[in-house]
Every structure is written in C-alpha cells, then in structure tokens.
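Going by this note's numbering, the first residue of the sequence shown is number -17, and it counts up by one from there.
All residues carry an ideal CB built from backbone N, CA and C; glycine is no exception.
Since the structure comes first, as structure tokens, the remarks are kept for the end.
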Amino acid sequence: MAEQIVVRGTVVGEEGVAVAGWVSLGKKLPQRWLSHTVRITSDEGHELTLEGLGADTIAPVTTREAAWSAIEGEELAKLCVREAPAPEVEVDFTTAVLRGGDVIVAWGDVLDRGYIGGDSQRGSVEGGITKLRAHVVAVGDDRESLLERGRERHAERTREQAAKAAKAAKKTQAKRAPKSAAPAAATVKAPGMAVLSYEHGLVVLAIAICVACAVVTEYQMFWLAAGLCALFPRAYDAVVLPRFRVDRLAPASLEAPFIAFVIAGGIGVLFPFMSTFGKNAKQGLGSDIATYIAAANATLAALWLTYAGQQRRRYCAILANAPDHPDPIQDGVWGKSVGTFSEQVLDVGAEYTTTGSGKNATTSSSPYTTLKLQAPLVRKSSGLDVQLGDAAILTLAKYGILNGIYQKRRGVFIDSTTATMVAGRATDGMLRKGGEASLLVFAAAPHTDVQRELARFRKRETVDSIFAVVGLASLAASFLL
C-alpha cells in the first residue's frame, strides 16, 4: 500500500491567478480544467508537485447563479464556451480552483522522493518528497476541517468502488431497429398552426353558460365551474401541442395529469348543475365540499401541465428573440438561421397493427425514431451544418398513412419541404450544442413560413395563458361571492 501523508504549503504562481482546478456551468455539464497538476512550496521551504487532481479533489467547491450574459466575459467562464447556453439562460457557475499564493493543505499518496536541498560536496544532501498523488487539497480559512471531510468522503468512495467491482455487470437493452422513412408530403395533415381552434370556442360557450347560471341562481359554485372550463385550453394544449425533444429523448407523457384534470374538472363542472337542475336537486354543504375537492384536484393537475409546458414556452421565446446569424457564419456568435434541410433528417412516430375483428380486435403499436446526427441547412446565402443529434427539436409537420385495413402509421418529420429555424453558436463552422437551450430547432409544416408559424404558436400559448388567468380569477370569485 502506498505511503500516505499530509503536506501544508503555498501554491506557486502569480498571486491571485488561477493555475489549477476546474470550472463548470452546472452539475450535469462537463468540467473544464486549467491543470491537473500544481506546484507548491511546503512549509519546510522546498517545492513539490501535486499530481492527479480529480473532479472531487479540490475543496471547497463554490457555485454562483447568474445569467450567462453576465459572466461570459470572465476569464474562467471562457473555458466553458463550448457549453455556453443562450444569453438569457441562468447557469450554476461552479469553480474549484487553486490560485497562486493560496495557502493549502493536501493529503495523498507519495509518488516520488528525491533531492530537495543541501550541499552534496559537504555531505549535507537533503532528501524528501517531490511528488504526491493528491486525494484531497483544501484551501481557505477552514482548510483543516475541509481536509478531514474530504478524507472521509475518499474512504467512502473507495468502499463503494470495491462493492461495485464485486457485482456482475448488468445486461444492456437491445436497441430497436429504425423503421422506414416518412411518407411523401401528400400525406401531411393540418398544415399551419391555428391560433384559435374550435376547442376555444366551446370553452367560451361553456364559460358563458356557467356565468349566466351564476348570475341567475346566485350560486357561487357556478363561478368555480366557469374557472375549471377556462383552465381547459392550457391543459389541452399541454398534451396536444408538440414539445421539444431534448438530447434525442422524447418528452415525458402528460396523459396521466390530463386524464386527472378531465375527470376532476368534469366532476367540478357537473356538480353545480346537478345540485341546481337535477331531478332531486338540492344545494348543500355536502355537494359544495365535493365540488371544491374536485376543483382542487383539477387545479393541481392544470398547474402540473402548465409547469410541463414551461420549457416549450421558454425555448420558443429564445428562438423568437435570437438575432439573425451574420453572413458568413462566425464562430461563437449567438444567432438564428432559417432554411430547409436538403433531405429528410427526422421521422418519429409509431406503426399501429390491428389483429382480429369485432370484440376480439386488438391493436399493437411499434414506435420508431430516425434522426440524422448531422445535416446541412440550406439558406438563401450559403449552407450551414447543424449537429442535430444533440439539438432540442420541435416540429409541426405531421403525417398519417393507412396501409390497408389493419395497419396505419402516424408521426412527425422534418425534410426538404419543412422550413426550419435553427438557433445556436457555430464551432468550426458547425452549429453545435453547448449548454442548455444552446441549439434549438423549430420546423414548420410543409410549405409554410416558419417565422409566422412560430409567432402563431406563441400567440396560441398566450391565448391559453389568458384563459388560465380568467380561470384562476373565476375560481377565486367562487370563494369571495
């Protein structure tokens, strides 16, 4: 077993200048290193090298929350330019660095001993430690306590690694083979985004009926019913409108909270009518309590759905606010470009197969995903390569095709007919992902204007928000009137 010791000393280097350690923009993002090695002058007066600085070697680790635009000019932040998000995105700027002149205490394994001073001609040669593989390096006023905690963590990690090494490796899951490409544009459905749909009209009608009943009967539960109706567009569009696929992953299903909203909201809307106009109509505390419980559950489900759509609204706002890319493209400059891909780059959907007939009929689904990891975006002026494999992608282009009686396919796609907007920064002439929201792709339905479609998409979100505010106001009115 290697000899382990504790050394104390001062970091060699220009006073206050970072010479070793790492920086990052968040827990899930890469650590960018200055150096894994640092020279120190020990308290005994000789220099030695600390090697093997790791991700959790240096303590303390400091984190500062800030918008990327506020810190991108700092020297340490420039190390993280590859992970740089959109300017408005908040980052957790995390640092664990050693600076020239820092007083430190380190613990680790002795790697080498050698000459550290003295006069060989007079026989007074001094030998000592010249290299140390550091397990913990602590800096600051409380460095001694940080060192002890670091040693405890190191011992715990060593035990965990030994336990993992003793276990058998888990079997990897088999990957599904990609299906064939999307059908031709002739099978595309619903070109263009509607700001208002017939669902909004039905909601307005339902709200008007509930308000009229509230005014005529002076029964406050009808205000609650009107509020639940007004929350429907937000809940409905959270499920119906497409969301961004991030890091090639499909967004999580929202069917469960939507079904919960429909059931609880339906009860909350029906109870006031049953209590007022039913065969054995009777308004009372019991029916009021049941209505309030249903309304509370529906409101919680609506808030869940609202939160789930927050990322989509934020990413669309970033796309809309991004400036146009300069021509020619310049590395590191944030902006957006509009064009079309020269070929199909995305096909995501499912194939449905029905077996049997009548009551014995069963339907099975087979999902598929085809995504080109890299493709050129054809612009008016020039082409631009996009690293699609890591992008956050939303497309409004849908298709559906029936293969005989028992098979059908539904999905979304991006091809040469879909105008596409891409926001990001170029590295070596290619748009690549850095941090969160640093590479966004928005594709419109075939043969439509992508900028107009994005504006209409955001307007629909705004309409839903207005309905939601009206709904919350109506729910509050049911308590106050």
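Local conformation of residue i per DSSP, three classes
| i | result |
| --- | --- |
| P428 | coil |
| K153 | Because the pLDDT at K153 is just 47, under 50, the model does not fix this residue reliably, and the value given afterwards should be weighed accordingly. Of the three classes helix, strand and coil, the one that applies to K153 here is coil, per DSSP. |
| P160 | Unreliable placement is indicated for P160, whose pLDDT of 41 sits below 50; the coordinate value is still reported in the next sentence. It is coil, neither helix nor strand. |
| H18 | coil |
| A59 | helix |
| G110 | strand |
| Y218 | helix |
| F449 | helix |
| Q292 | helix |
| W316 | coil |
| S348 | strand |
| A381 | Contrary to the premise, residue 381 reads as Tyr rather than Ala in this sequence. Residue state, collapsed to three classes: strand. |
| A172 | A caution first: A172 carries a pLDDT of 45, below 50, which makes its placement in the model unreliable, though a value can still be read off. Three-state DSSP puts A172 in coil, outside helix and strand. |
| S6 | strand |
| G393 | strand |
| S24 | strand |
| A357 | strand |
| Y334 | strand |
| G(-5) | coil |
Residue burial classification, residue i (beta-carbon count within 10 angstroms, cutoff 16)
| i | result |
| --- | --- |
| D446 | buried |
| A278 | exposed |
| K362 | exposed |
| P310 | exposed |
| V(-12) | exposed |
| H307 | buried |
| S6 | buried |
| V107 | Reliability of the predicted coordinates at V107 is poor, the pLDDT of 49 falling under 50, and the value obtained from them is presented with this limitation in mind. The residue is exposed, with fewer than 16 neighbouring Cβ atoms inside 10 Å. |
| G96 | exposed |
| S102 | Residue placement at S102 is poorly supported in this model, since its pLDDT is 49, which falls under 50; the coordinates still yield a value, given next. With fewer than 16 other Cβ atoms within 10 Å, it is exposed. |
| T430 | buried |
| K380 | buried |
| D410 | exposed |
| A455 | exposed |
| S324 | exposed |
| F204 | buried |
| G416 | buried |
| G453 | buried |
Of the residues the options, the one placed nearest residue i, counting alpha carbons only
| i | options | result |
| --- | --- | --- |
| T352 | A280, A220 and D329 | D329 |
| V118 | V71, D306, T335 and V87 | V87 |
| V360 | E333, A343, Q389 and S319 | S319 |
| T322 | L252, C298, V368 and A283 | V368 |
| I249 | A401, L129, A280 and A238 | A280 |
| W316 | L267, A304 and Y289 | A304 |
| R414 | Q389, R392 and D372 | D372 |
| P428 | V394, G417, R227 and S269 | V394 |
| A332 | V121, R392 and P358 | R392 |
| E443 | L213, G406 and V43 | L213 |
| E(-3) | L30, R95 and G82 | G82 |
| S460 | Y201, I245 and E418 | Y201 |
| G90 | L35, R139 and A68 | L35 |
| G8 | L355, A48, H18 and L376 | A48 |
| A299 | R438, V121 and V(-1) | R438 |
| V121 | T(-8), Y381 and A190 | T(-8) |
| A59 | A78, P42 and V85 | A78 |
| A176 | G417, V197 and L378 | L378 |
| R64 | S257, G314 and S24 | G314 |
| A302 | L16, V244 and V404 | V404 |
| K354 | I375, A246, L366 and V327 | V327 |
| W15 | R141, G247, S24 and V1 | V1 |
| T45 | I189, F75 and A145 | F75 |
| Q13 | R141, R(-10) and D38 | D38 |
| T199 | T258, G183 and R21 | T258 |
| G464 | D270, E29 and G268 | Since the displayed the chain opens at -17 and closes at 463, residue 464 lies outside it and no answer follows. |
Residues near residue i by beta carbon distance below 6 Å, same chain, minus five either side
| i | result |
| --- | --- |
| V193 | A208 |
| K390 | Y334 and L384 |
| T345 | Y334 and T336 |
| D94 | T112 and K113 |
| D84 | V(-7) and V121 |
| I40 | G3, A78 and V119 |
Own chain residues within Cβ distance below 8 Å of residue i, not counting five before or after
| i | result |
| --- | --- |
| Y218 | E181 and F240 |
| V185 | C211, A212, F214, P215 and F449 |
| F255 | C195 and A207 |
| E33 | H18, T19, L93, K113, L114, R115 and A116 |
| A343 | T336 and T337 |
Contact belief for residue i with residue j at Cβ below 8 Å, rounded distance in angstroms
| i | j | result |
| --- | --- | --- |
| R225 | T288 | In fact, because the Cβ distance is near 13 Å, the residues do not count as touching under 8 Å. |
| A408 | Q312 | 7 Å |
| L376 | Q356 | L376 to Q356, Cβ: 19 Å. No contact. |
Near the ligand FAD: residue i beta-carbon under 7 Å from a heavy atom
| i | result |
| --- | --- |
| D306 | In terms of ligand content, the structure shown is empty, and the ligand FAD therefore cannot be addressed. |
Neighbourhood of residue i by C-beta distance below 7 Å, restricted to the same chain and skipping five residues each side
| i | result |
| --- | --- |
| P42 | G122 and L128 |
| H136 | H117 and V118 |
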